[in-house]
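What follows is one structure encoded as structure tokens, with my remarks underneath.
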Amino acid sequence: MKYALITGASKGIGKSMAEILASKKRNLLLVARSSDLLQSLAQNLKQQYQIETDWLAVDFTQAGAGEKIFQWCIEKNYSIDILINNAGYGLSGDFEKYSAKEHTDMMQVNMNMVVELSSLFLPELKKATSAHILNIASSAAYQAVPGLNVYAASKAFVLSFGRGLQYELRRSNVRVTTICPGGTDTDFANRANLIDKARKAGEKLNMTSEAVAKQAIDAMFAGKTEKITGIVNQIGAAFVWLLPKKLVEKTAAGLYSQD
Ligand SMILES: NC(=O)c1ccc[n+]([C@@H]2O[C@H](COP(=O)([O-])OP(=O)(O)OC[C@H]3O[C@@H](n4cnc5c(N)ncnc54)[C@H](OP(=O)(O)O)[C@@H]3O)[C@@H](O)[C@H]2O)c1
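Mapped onto my numbering, the consecutive letters of the sequence shown carry residue numbers 7 to 265.
Below is the structure:
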């Protein structure tokens with residue numbers, strides 16, 4: 007029996023991906039910090055879709071988080087054929103607003119855990135007939151974003167890592183797909199403490215977590231290497247590529263920086 011392991015499954019895009027995979031009768035392992043949310047989601051999906059589910063509350067900023075998830079799977083005899091690296095968050099405002107630890111904690115969640123879980127679970131994934139790693143990066147991966155700087159850089163890392171890993175694994179049974187959502191209606195804006203200008207822009211353009219999750223899961227099963235969700239975000243990424251970098255950065259700073 008195989009499972010899909012989803013990080014950041016308690017809410018937002020991760021929760022929506024869990025619901026879609028459950029509707030496709032995939033067994034689920036749900037990981038995040040909020041035990042109450044994970045427990046109720048796991049129970050509801052198990053009842054509604056007659057699948058196997060389990061959950062584990064782990065804070066990815068704590069030492070040994072990746073090993074804890076891996077050992078949990080070994081002890082419970084859970085074998086996975088889908089690994090979804092979705093947990094992540096941003097911190098908005100100028101670089102100097104945050105301590106070094108706040109920056110490196112975010113990098114731990116957004117980057118290090120993606121690498122660590124991919125490394126720990128890859129031998130297991132290679133045993134399946136066909137298997138997937140799905141990474142959630144961001145449209146912020148395509149440019150520097152002053153005012154959301156370390157976050158954007160962390161997502162550039164996720165995209166680059168995912169593409170490179172897909173190439174290395176091209177002759178294997180494992181497909182690596184990296185998704186780049188633009189603004190999506192989740193708890194992201196609150197956790198990142200986005201300022202009003204960015205929130206107002208988001209009100210007009212944001213996608214729902216359900217729509218992003220559907221495009222992500224479809225792209226994963228289609229074996230795509232990279233997918234920007236939504237036509238508006240695809241056009242945005244094309245402009246970022248075409249326009250002078252300083253102009254692109256100034257426009258982003260206008261949304262995410264205070265001045
Ligand atoms: N929303 C957007 O506009 C947007 C755009 C582009 C990319 N993304 C990316 O999409 C992914 C999902 O975010 P979302 O928009 O769905 O936001 P969200 O609703 O805030 O969900 C974030 C998920 O990550 C988990 N998480 C956060 N910190 C964690 C930690 N220290 N340890 C373990 N789990 C942690 C959260 O669970 P707990 O709080 O329960 O720990 C939650 O399940 C992220 O990688 C984000 O960067 C979002």
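No residue lacks a Cβ here, since even glycine has one placed at the ideal position from N, Cα and C.
Return yes when the C-beta of Ser105 is under 8 Å from any heavy atom of ligand 1, and no when it is not.
Here residue 105 refers to the residue found at position 99 when the sequence shown is read from its first residue. Because no heavy atom of ligand 1 lies under 8 Å away, the Cβ of Ser105 does not count as near it: no.
How do the region 33-43 and the region 57-68 stand: do at least 3 beta-carbon pairs fall below 8 Å, yes or no?
Touching, per the Cβ criterion.
Check for me: the alpha helix (DSSP H) holding Leu126 runs from which residue to which?
Position 120 of the sequence shown, counted from the start, is the residue given in the question as residue 126. Run containing Leu126: Met119 to Leu131, per the alpha helix (DSSP H) assignment.
Under the rule that 16 or more other beta-carbon atoms within 10 Å means buried, what is Ile237, buried or exposed?
Within the sequence shown, the letter at position 231 stands for residue 237. It is exposed - the Cβ of Ile237 has fewer than 16 other Cβ atoms within 10 Å.
Is Met7 helix, strand or coil when you go by DSSP?
Locating residue 7 in the sequence shown gives position 1, counting from the first residue. Note: Met7 maps to coil in three-state DSSP.
Which partner residues of Leu43 appear in the DSSP bridge assignment?
Residue numbering aside, residue 43 sits at position 37 when the sequence shown is read from its first letter. Beta-bridge partners of Leu43 (DSSP): none assigned.
Exposed or buried, which one is Phe101 when buried takes at least 16 other CB atoms within 10 Å?
Taking the first residue of the sequence shown as position 1, residue 101 is located at position 95. When all chains shown are included, Phe101 counts as exposed.
What are the start and end residues of each continuous alpha helix (DSSP H) run of 4 or more residues lying completely inside the region 167-219, in chain order?
For the region 167-219, whole alpha helix (DSSP H) runs of length 4 or above, ordered along the chain, are 194-198 and 202-211.
Could you check how far apart the C-beta atoms of Ser98 and Gly14 are, in whole angstroms? I think they sit under 8 Å.
For the purposes of this step, residue 98 is taken as the residue at position 92 of the sequence shown. For the purposes of this step, residue 14 is taken as the residue at position 8 of the sequence shown. Not confirmed; about 18 Å, so no contact.
Just to confirm, is the Cβ distance from Thr184 to Glu232 under 9 Å?
In the sequence shown, residue 184 corresponds to position 178, counting from 1. In the sequence shown, residue 232 corresponds to position 226, counting from 1. A contact, by the Cβ cut-off of 9 Å.
Within 10 Å of its beta-carbon, does Ser181 have 16 or more other beta-carbons around it, so buried, or fewer, so exposed?
Within the sequence shown, residue 181 is the residue found at index 175, counting from 1. It should be noted that the sequence gives Arg, not Ser, for residue 181. So Arg181 ends up on the buried side.
Counted within 10 angstroms of its Cβ, other Cβ atoms place Lys188 as buried (16 or more) or exposed
Numbered from 1 along the sequence shown, position 182 holds the residue referred to as residue 188. First, the residue type needs correcting, since residue 188 is Gly and not Lys in the sequence shown. It is buried - the Cβ of Gly188 has at least 16 other Cβ atoms within 10 Å.
Taking Cβ positions, are Val121 and Ala93 nearer each other than 9 Å?
Against the sequence shown, residue 121 aligns to sequence position 115. Against the sequence shown, residue 93 aligns to sequence position 87. No, the pair does not count as a contact, with Cβ atoms beyond the cut-off.
Test item: CB-CB of Cys186 and Lys220 under 9 Å
Here residue 186 corresponds to residue number 180 of the sequence shown, with the count starting at 1. Here residue 220 corresponds to residue number 214 of the sequence shown, with the count starting at 1. In this structure, Lys220 does not lie closer than 9 Å to Cys186 by Cβ.
Near Leu126, which residues of its chain fall below 7 Å by C-beta distance, leaving aside the five closest residues on each side in sequence?
Taking the first residue of the sequence shown as position 1, residue 126 is located at position 120. Excluding sequence neighbours, Leu126 sits near Gly72 and Phe76.
Please classify Tyr5 as buried or exposed, where buried requires at least 16 other C-beta atoms within 10 Å of its C-beta.
Residue 5 lies beyond the stretch modelled for the chain, which goes from 7 to 265, so this question has no answer here.
Nearest to Asn179 by alpha carbon, out of Lys17, Leu131 and Thr192?
Position 173 of the sequence shown, counted from the start, is the residue given in the question as residue 179. Here the closest residue by C-alpha is Leu131.
What distance in whole Å lies between the Cβ atoms of Ile90 and Asn10, which are believed to be in contact at a cut-off of 8 Å?
Walking along the sequence shown from the start, residue 10 turns up at place 4. Walking along the sequence shown from the start, residue 90 turns up at place 84. Looking at the sequence itself, residue 10 is Ala, so the reference to Asn does not match. The pair is a contact, with the Cβ atoms about 7 Å apart (cut-off 8 Å).
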